[in-house]
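Residue numbers (the numbering used here): 714 to 940.
For each residue, glycine too, the CB sits at the ideal point set by N, CA and C.
Owing to the predicted nature of the structure, the values given are computational and were not obtained by experimental measurement.
In what follows, a structure is listed as structure tokens, so that the remarks can point back to it.
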Amino acid sequence: MDLAAQSADAQKMHKMGIAEKQTCIDCHKGVAHFPPEIKMDDSALKGLEAQSASTPASATELYAVSNTALGDLGTVYPATKMQVLKTTDNARLVEIRGSQMQGSEQVIYYAAGQRLILASLSEKGQQSLKILSDWKKDDYGNAWRDVVLQGEWSGSALASREPMWDYARKLDNVYCAGCHAPIPANHFTLNAWPSVAKGMGARTNISENELDILSRYFQYNAKDMNK
Numbered sequence: 714m715d716l717a718a719q720s721a722d723a724q725k726m727h728k729m730g731i732a733e734k735q736t737c738i739d740c741h742k743g744v745a746h747f748p749p750e751i752k753m754d755d756s757a758l759k760g761l762e763a764q765s766a767s768t769p770a771s772a773t774e775l776y777a778v779s780n781t782a783l784g785d786l787g788t789v790y791p792a793t794k795m796q797v798l799k800t801t802d803n804a805r806l807v808e809i810r811g812s813q814m815q816g817s818e819q820v821i822y823y824a825a826g827q828r829l830i831l832a833s834l835s836e837k838g839q840q841s842l843k844i845l846s847d848w849k850k851d852d853y854g855n856a857w858r859d860v861v862l863q864g865e866w867s868g869s870a871l872a873s874r875e876p877m878w879d880y881a882r883k884l885d886n887v888y889c890a891g892c893h894a895p896i897p898a899n900h901f902t903l904n905a906w907p908s909v910a911k912g913m914g915a916r917t918n919i920s921e922n923e924l925d926i927l928s929r930y931f932q933y934n935a936k937d938m939n940k
């Protein structure tokens with residue numbers, strides 16, 4: 714196959730497959746093709762949303778099901794861990810811990826060098842951060858520091874990631890397994906998964922929100938995930 718004749722996305726996937734010692738069959742089951750149009754019904758998502766709406770007030774951890782505002786501090790993304798510090802009648806005081814990369818201070822990542830986005834911050838959100846460490850450069854010259862954000866959460870959320878991962882595995886089975894053998898989440902690194910999932914998702918009619926949850930499932934269970 715002439716790699717230079719492929720599209721930019723195809724070249725990226727091809728090079729990644731070579732680096733991971735994959736064969737054509739791993740991705741295409743022996744035939745390069747576009748899969749049939751398959752769409753998962755919304756019953757699983759509705760069940761997930763219903764479960765998030767009934768999370769008990771005693772929950773000590775919360776996990777958003779979709780992109781949700783944390784007051785005027787920013788947006789929290791699906792599966793981000795929010796530690797509950799205090800519960801009132803109308804809201805919960807929550808805390809998000811992660812890392813900032815110098816030059817991208819509007820984003821909280823999972824950890825230094827691990828580009829799993831937990832939240833995006835408004836100007837007020839950036840000013841509200843508690844800084845836990847000095848900037849420290851990684852092997853690639855990027856500087857990182859640990860941070861904490863506290864804010865009031867009034868939306869619905871799950872008390873565990875597991876119901877979301879059950880949903881993600883259903884998405885994987887519907888949209889991915891129809892084209893190739895299942896690829897375990899620990900096959901790729903945390904930073905590699907978004908481009909892999911995006912490239913494969915483009916060949917299906919998976920929705921943006923479904924793809925985001927599926928990508929996060931892969932990232933949180935990647936082979937280099939620091940849990």
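- Spatial neighbours of M729 in its own chain (CB-CB distance under 7 angstroms, excluding positions within 5 residues in sequence) are listed in chain order as A905 and V909.
- Cβ contact annotation for D851 (same chain, cutoff 8 angstroms, sequence separation greater than five): A825, G826 and W857, in chain order.
- Of S841, G868, S928 and A894, the smallest CA-CA separation from Y776 is found for G868.
- With fewer than 16 other Cβ atoms from the protein chains shown falling within 10 Å of its own Cβ, W848 counts as exposed.
- Cβ-Cβ separation between Y888 and L758: approximately 14 angstroms, too far for a contact (criterion under 8 angstroms).
- Assigned with DSSP and collapsed to three states, G787 falls in strand.
- Taking all protein chains in view, the Cβ of R916 is surrounded by fewer than 16 other Cβ atoms within 10 Å, so the residue is classified as exposed.
- Around D937, the same chain offers T902 and L903 as residues with beta carbons nearer than 7 angstroms, after the five sequence neighbours per side are excluded.
- Secondary structure remark: continuous beta strand (DSSP E) runs of at least 3 residues inside the stretch 844-870, in chain order: 856-866.
- Residue burial is scored here from C-beta neighbours: T793 has at least 16 other C-beta atoms within 10 angstroms and is therefore classed as buried.
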